[in-house]
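Okay, structure first, notes after.
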Ligand code: GLN
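Residue numbers (my numbering): 180 to 745.
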């Protein structure tokens, strides 16, 4: 019987419920349990795909093309499992299923209501992740207890325990214990209120994870235990950790996984946490500074680039480097470059994005990197921008552009795929999910990956325009990876440059803390070499692209099925 853990949040949003659940997932996996995770989001959008990154942060893309909440990125990075779109359900998608069933006549003329029809659909979604292959499903309920929108989820989750048996369900509540300056005290009252609210919905938490700036005292824990009716060992303190990847260690030291396993009858599994401890030791040891500029449109909300930042960090951990991020607003990039203000960057990342704003700044950054031998990695839109830059400035294709930004450009080097031209619906019309690419033998990207057939995730409408293929093939810019049928350009790289590589994919989504995405790993190596060149006190990274194939990745075979659609 699959066990279910539900993670709710109280007091305020943004407490790191997703990271708490992910960390618990990691601890259970380290006990040899098979874990999967999902998020229930209480908003009406069918998925976050149509939301502005300022609203929602990054849209995380799964292998099967799901456009999902960024917490799924945390789940994948921590439990090291590829999830599917089934791991994210929104209120919108749940209502949409129920209303479609009503239109089909599935309810046989009965009145369709929140209870039981919406709650049943929520329970169906929770159950569909449980299988013979899964020991534990961790379900995070988005939002905060006390929100109106969250009520059907809490009711479904409450009923779930009765449906599958008390011994198979556990509730973890994540709350805040704030420090109040004037009285110099940490306060438990918000936690008490939030647990009272949860109990008024019929859910008694089995464990409370208290977030706080500084560690909380045993007396305070006792008080919370007493007032919230949770045994002392179930009151766990997650004080702010120096890095994300230390959170599982903190929660383990606090005894969360022991408590959870005891209650769920899973305590015959012993923990082997050596690998994760080693990772944390490497995180702490990573100290060689390297300055990476991210030229983006949504830089005032770094969550919009969460997986890019994490992939850079993974590469940093691998090389013992500390990534010092410089967020550059794309519209300001041209001015900053001209004023020499970005001269000390060791590497430039041009991430994905949509719409025209900031495009010329990104093009200027790509040009600067190309002309000044600064390592540059272009991701999706970033690759498109590099293509435009090269077309304009190296191939003299004046006014070259993407038809996304200039539909009447004389040189549409980036254009819509034929099949996308007549699409008007904004939801789910993109090339989404994992696709296989064939890399050119001996190319830098092939050397970085250590293989010639690779699979990466996509999320875009526009593509390299094959009409310009010949012009590029005669130049220094190599089209070094393409779709298996040869129609789509997936990777580009510049000869005679330390590192100027772009990909139409988003390799950041598959990066893992102990297995950095190959292009990020080699990009940071190149940036470190530049840093060492500028500052001879820093060690030189000789890894470079050639020595280290991506030996232990999940392997292309596993992705082939998902990518068949290409
Ligand atoms: N806007 C571009 C496209 O739709 C790039 C998308 C992206 O960077 N994810 O093709």
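All C-beta atoms, glycine included, are put in the ideal place defined by N, C-alpha and C.
### Message
Looking at the secondary structure, which residues open and close the beta strand (DSSP E) in which residue 473 lies?
### Response
In this chain, the beta strand (DSSP E) harbouring residue 473 covers 467-475.
Over what stretch of residues does the alpha helix (DSSP H) that includes residue 120 continue unbroken?
As shown, the chain starts at 180 and ends at 745. That puts residue 120 outside it, with no answer to give.
**Message:** Less than 8 Å between the beta carbons of residue 371 and residue 406, yes or no?
**Reply:** Cβ distance < 8 Å, so residue 371 and residue 406 count as in contact.
Review point. Just checking my contact of residue 545 with residue 532 at CB under 8 Å: how many whole Å lie between their CB atoms?
Key: Not really, about 13 Å apart at Cβ, beyond 8 Å.
Check each residue's C-beta against every heavy atom of the ligand GLN and list, in chain order, those closer than 5 Å. Matched residues: 531, 533, 559, 560, 638, 639, 640, 641.
- Roughly how many angstroms separate the alpha carbons of residue 741 and residue 572, rounded to a whole number? With a pLDDT of 43 at residue 741, under the threshold of 50, the predicted position of this residue should be treated as unreliable, though the coordinate-derived value follows. Just so you know, the alpha carbons of residue 741 and residue 572 end up roughly 38 Å apart.
Checklist entry - Quick one: what does DSSP say residue 673 is sitting in, helix, strand or coil? => result Strand.
(request) Kindly indicate the opening and closing residues of the alpha helix (DSSP H) around residue 352. (result) Note, residue 352: premise wrong, no alpha helix (DSSP H); beta strand (DSSP E) at 348-355.
Check your understanding: Is the number of C-beta pairs between the stretch 484-500 and the stretch 694-708 that are closer than 8 Å three or more?
Key -> Short answer: they touch.
| Taking buried to mean at least 16 other C-beta atoms within 10 Å of its own C-beta, is residue 661 buried or exposed? | Buried is the call here.
For the beta strand (DSSP E) that contains residue 563, what are its first and last residues?
-> For residue 563, there is no enclosing beta strand (DSSP E); the residue is part of the alpha helix (DSSP H) that begins and ends at 560-572.
Any idea if residue 530 is buried or exposed, counting beta-carbon neighbours within 10 angstroms, 16 or more meaning buried?
Looking at its Cβ environment, which holds 16 or more other Cβ atoms inside 10 Å, residue 530 is buried.
Practice problem: For residue 565, count neighbouring C-beta atoms within 10 Å of its own C-beta (all shown protein chains included) and say buried if the count is 16 or more, exposed if not. | Solution: Classification of residue 565: buried, given that the 10 Å Cβ count is 16 or more.
- Once you ignore the five residues that flank residue 449 on each side, which residues in its own chain have a CB closer than 7 Å to its CB? Only 210 meet the Cβ criterion.
So what does residue 634 bridge to, in DSSP terms? Answer is 615.
On the premise that residue 427 lies in contact with residue 202, defined as a C-beta separation below 8 Å, what is that separation, rounded to the nearest angstrom?
-> Between residue 202 and residue 427 the beta-carbon gap is near 4 Å, inside 8 Å, which marks them as a contact.
Exercise. Reducing DSSP to helix, strand and coil, say where residue 702 ends up.
Key: Three-state result, residue 702: helix.
Query raised in the report: DSSP beta-bridge partners for residue 425?
Result: Partner residues in a beta bridge of residue 425, as assigned by DSSP, do not exist.
Are at least three pairs of beta-carbons, each pair with one atom in the stretch 465-475 and one in the stretch 671-679, less than 8 Å apart? Judged by Cβ distances under 8 Å, the stretch 465-475 makes no contact with the stretch 671-679, as fewer than three pairs qualify.
Answer with buried or exposed for residue 327, where buried requires no fewer than 16 other C-beta atoms within 10 angstroms of its C-beta.
-> The residue in question, residue 327, is exposed, as its Cβ has fewer than 16 Cβ neighbours within 10 Å.
Is it buried or exposed, residue 216, if we count other Cβ atoms within 10 angstroms and call 16 or more buried? With a threshold of 16 other beta carbon atoms within 10 Å, residue 216 meets it and is buried.
**residue 317 (DSSP reduced to helix, strand or coil)** = When secondary structure is reduced to three states using DSSP, residue 317 falls in the strand class.
Which runs of the beta strand (DSSP E) spanning at least 3 residues fall entirely within the stretch 360-404, listed in chain order?
Runs of the beta strand (DSSP E) inside the stretch 360-404: 386-391.
Classification of residue 184 by the beta-carbon crowding that lies within 10 angstroms, buried from 16 upward: By the neighbour-count rule (16 or more Cβ atoms within 10 Å), residue 184 is buried.
Helix, strand or coil for residue 695 per DSSP? Correct three-state label for residue 695: coil.
Discussion item. Is the beta carbon of residue 488 closer than 8 Å to that of residue 139?
Written reply: Here the chain has residues from 180 to 745 only, and residue 139 is not among them.
Check: Taking Cβ to Cβ, would you say residue 275 is nearer than 8 Å to residue 329?
Finding: The answer is no: Cβ separation not under 8 Å.
Quiz item: Should the stretch 248-258 be called in touch with the stretch 349-368, which here means at least 3 C-beta pairs below 8 Å?
Solution: Short answer: they don't touch.
Excluding sequence positions up to five away, which residues of its chain have a Cβ less than 6 Å from the Cβ of residue 314? Once the five neighbours on either side are set aside, the close Cβ partners of residue 314 are 212, 213.
Sequence-distant residues of the same chain with beta carbon closer than 6 Å to residue 190, five excluded per side
Cβ within range, chain order: 354, 355, 369, 373.
Notebook entry, point to check: Nearest to residue 186 by CA position, among 618, 332, 684, 513, is which residue?
Noted result: 332 is the residue among 618, 332, 684, 513 whose C-alpha sits nearest the C-alpha of residue 186.
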